[in-house]
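> Residue numbers (the numbering used here): 32 to 179. Where is the CB? At the ideal position from N, CA and C, for every residue including glycine. In this text, all values refer to a predicted model and were calculated from it rather than measured experimentally. The structure follows.
The following block contains the structure:
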């Protein structure tokens with residue numbers, strides 16, 4: 032039987048340790064890539080730091096996991112607006128409005144994007160729609176909750 036040197040044993044141990052860590056790291060990466068909330072938080076932070084392209088990519092990762100949150104579509108539209116991609120921003124606001132038709136913020140931001148494209152009549156219609164949506168006060172929301 033061949034004797035292994037201490038160096039060979041250390042190398043073997045190190046290789047096994049590294050392989051185990053890589054497997055663990057891959058599992059963690061898989062978990063992270065499916066973490067919707069994490070992608071949203073990352074995108075918000077990137078937006079705050081004016082890393083708009085990275086924020087857009089993070090919002091798109093979040094939406095690939097869960098596409099039914101109107102607020103994320105609004106945030107995505109905001110980032111697209113910062114990037115002067117107004118037509119794409121409008122599509123994002125439209126998706127938000129598809130999910131939540133009476134969202135005042137989505138109508139307002141859509142109007143702003145339309146205004147930036149010089150589509151003033153359409154922008155005005157969006158502003159008008161936003162103003163027509165009655166926002167509930169916190170008291171109205173609390174009363175609704177207690178009536179349940």
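1) Throw me the rounded Cβ distance for the residue 236 and residue 142 pair, which I believe falls under 8 Å.
2) Using the Cβ count rule (16 or more neighbours within 10 Å means buried), how would you classify residue 149?
3) Given residue 87, which residues of its chain have a CB within under 6 Å of its CB, disregarding the five upstream and five downstream residues?
4) What residue from 89, 84, 131 has the CA that sits closest to residue 115's CA?
5) Can you give me the C-alpha to C-alpha distance between residue 120 and residue 94, rounded to a whole angstrom?
6) Which residue wins for smallest C-alpha separation from residue 102, given the options 74, 146, 118?
7) Over what stretch of residues does the alpha helix (DSSP H) that includes residue 119 continue unbroken?
8) Do residue 24 and residue 117 have their C-beta atoms closer together than 7 Å?
On the basis of the coordinates in this document:
1) Absent from the structure is residue 236, since the part of the chain shown begins at 32 and ends at 179.
2) What you label residue 149 is simply residue 118 of the chain shown in a count that begins at 1. It is exposed - the Cβ of residue 149 has fewer than 16 other Cβ atoms within 10 Å.
3) Position 56 of the chain shown, counting from 1, holds the residue named residue 87. Taken in chain order, the residues that qualify are 110.
4) Stepping through the chain shown from its first residue, residue 115 is reached at position 84. Residue 84 is the option with its Cα nearest to residue 115.
5) Counted from its first residue, the chain shown places residue 120 at position 89. Counted from its first residue, the chain shown places residue 94 at position 63. Cα-Cα distance, rounded: 15 Å.
6) For the purposes of this step, residue 102 is identified with residue 71 of the chain shown, where counting begins at 1. Minimum Cα distance to residue 102 is reached at 74.
7) Reading the chain shown from its first residue, position 88 is the one you call residue 119. That run of the alpha helix (DSSP H) goes 117-130.
8) The structure shown does not extend to residue 24, since the chain is modelled only from 32 to 179, so the question has no answer here.
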